[in-house]
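Protein chains: 2
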Amino acid sequence: MKFSGEYNVSIDLKGRVSIPASFRDELRQKYDSEGLVVTRYKNGLVAYPPSRWEEICANVFSMSPGPKREANIRNRIAPAKECSFNAQGRIQIPQSLREHAGLDKDVVVIGMFEKIEIWSQIAHTLIAAESESMLDEDAQGQADLGF
Amino acid sequence: MKFSGEYNVSIDLKGRVSIPASFRDELRQKYDSEGLVVTRYKNGLVAYPPSRWEEICANVFSMSPGPKREANIRNRIAPAKECSFNAQGRIQIPQSLREHAGLDKDVVVIGMFEKIEIWSQIAHTLIAAESESMLDEDAQGQADLGF
DNA sequence: CATTCTAGTGTCAAATAGTGTCAAGTGGTG
DNA sequence: CACCACTTGACACTATTTGACACTAGAATG
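Those protein sequence lines, which keep their order, are chains A and B. The opening position of the first sequence corresponds to residue 15 in the numbering used here, with each subsequent residue numbered one higher. The opening position of the second sequence corresponds to residue 15 in the numbering used here, with each subsequent residue numbered one higher.
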């Protein structure tokens, strides 16, 4: 059972986000971890179990020098921060990441199997609507998938 | 734990930039240093622990004479300035470097493992957006890396 | 040569951000 | 409907960052 499900959670006045208990259980059991590595992703955030993050970093650092490697380092690796849970299961998200994602009061946390996405409610509404219309336009593709 | 994380800091009216406490701790512990060597880098600035800077200088000076060696000396080595922290953890950035990077009020400081980059907010927003669209366009590549 | 400007320094104190913890809400489950 | 686990808001406390101001050194001006 990987991370899954969509949760509306709130952010407290100091920038801490509650991570759903089911995700914390999963992390403890499958990854033996009490925290997450959070970084930028599009105009939201993404969080990985620390062990997964190490693998990703190793992959990026082994790329040959060039603009793609640099873009990954600049926009994914460098802004990343390991955040651990407090007694209430909240993580403190650094200010720069909160600003990047426009987090403020209402936040959506989504289990994406190997990773967890974190969006502001607004950004999530937008991206979900966009995805929905993409699916709409491809009735055949959807049918082929069995939907 | 090398330098990492992205911080929005401000520059005071005399051109001093606050360096995040986590970077200062790292410098003190791993490099036994109370300052940074700052120089030009693209249209921003980059800062190194003094011991790393010595190595870089040695590498440049051992190049065989030619336009590349000269360009390195002219644009990287010559403009560099060692800046030490004041009691509040700020460094004074020379005027010529501030002008080069267009620093004015809002500044972004980014930990890049062995070095620290310093950008004006505007320049950083631009470069990050550029990097982001490069990553966006290569979904396959990103998936291969494990993101 | 005296005076005025400007850039830079040192320091203080206010403002802001982050941490730890408690207890009140909330919603799901039996 | 009562219980329980989870989530949320709140508060006190600490650490960090920021704005302000007085002071110094050196350059520019008359």
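Glycine included, every Cβ here is placed at the ideal spot set by N, Cα and C.
_Burial state of Ile136 of chain A, where buried means 16 or more other Cβ atoms lie within 10 Å_ = Exposed, by the Cβ-count rule.
_Beta-carbon spacing of Ile132 of chain B, Ala61 of chain B below 8 Å_ = yes
*Thinking just about the alpha-carbon of each residue, which of A:Asp39, A:Glu69 and A:Ile91 is nearest to the one in Ser145 of chain B?*
A:Ile91
*Fully enclosed by the segment 19-87 of chain B, which beta strand (DSSP E) runs are 3 residues long or longer?*
30-32, 49-55 and 58-62
*What in chain B is Cβ-close to Lys28 of chain A, meaning under 7 Å?*
Here the premise fails: no neighbours, minimum Cβ distance about 17 Å.
*By the criterion of Cβ-Cβ separation under 9 Å, what are the contact partners of Tyr55 of chain B in chain A?*
The premise fails here: Tyr55 of chain B is roughly 12 Å from chain A at the closest Cβ pair, so nothing lies under 9 Å.
*When the Cα of Asn22 of chain A is compared with those of A:Val51, A:Tyr55, A:Lys119 and A:Ile87, which residue comes out closest?*
A:Lys119
_CB contact below 8 Å: Leu159 of chain B versus chain A_ = yes
_Within chain B, partners of Ser110 of chain A - CB distance below 7 Å_ = Simply Glu20, Tyr21 and Asn22.
*asked:* Please state whether the Cβ-Cβ distance between Leu50 of chain B and Pro34 of chain B is less than 8 Å.
replied: Not a contact, by the Cβ cut-off of 8 Å.
*Cβ shell of Ala94 of chain A (< 6 Å), same chain only, five flanking positions each side left out*: Same-chain partners within the cutoff: Val51 and Thr53.
_Endpoints, the beta strand (DSSP E) within which Glu96 of chain B is located_ = That run of the beta strand (DSSP E) goes Lys95 to Ser98.
*List the whole-angstrom C-beta distance separating Glu48 of chain B from Ser98 of chain B, where the pair is believed to meet the contact cut-off of C-beta under 8 Å.*
5 Å
_Through-space distance from Val122 of chain B to Leu59 of chain A, alpha-carbon basis_ = If I take the Cα positions, the gap works out to 19 Å.
_Short of 7 Å Cβ to Cβ, which residues in the segment 91-106 of chain A face chain B?_
Ala92, Pro93, Ala94 and Lys95
_Local conformation of Gly125 of chain B per DSSP, three classes_ = strand
*Within 8 Å (strictly less), CB to CB, does Asp152 of chain B reach chain A?*
yes
*State buried or exposed for Ala115 of chain B, treating a residue as buried only when at least 16 other CB atoms are found within 10 Å of its CB.*
buried
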